[in-house]
Amino acid sequence: MLSNEQIAHDLAVAAASVMFKNTIEKQPDLSEDRALAQMVYYYKKTLTTLQPLCDEEL
4 MLSNEQIAHD
14 LAVAAASVMF
24 KNTIEKQPDL
34 SEDRALAQMV
44 YYYKKTLTTL
54 QPLCDEEL
């Protein structure tokens, strides 16, 4: 069984991946470095949002 932290990480990776794909599609002239920086931002933002749930029993 996955821990709450692993689930939060997996969800954050999925959210960041979707945002990366959307960013590339909407801004094809955006540099890859900038797109990856945005992906990291979305990952951290999502993980921070989910972090309080890791302290609770699901």
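Residue numbers for the sequence shown follow this note's numbering, beginning at 4 and rising by one.
All C-beta atoms in this analysis are idealised placements derived from N, C-alpha and C, irrespective of residue type, glycine included.
In this text the structure is predicted, and so the values were computed from the model without any measurement.
When DSSP states are grouped into helix, strand and coil, D13 belongs to the helix group. Using a 10 angstroms sphere on the CB of M42, the tally of other CB atoms reaches 16 or more, which defines it as buried. The beta carbon of C57 is closer than 6 Å to those of N7, E8 and A11 in its chain, skipping five residues each way along the sequence. With 16 or more other Cβ atoms inside 10 Å of its own Cβ, Y46 counts as buried.
If you check the CB distance, L50 and A15 come in under 7 Å.
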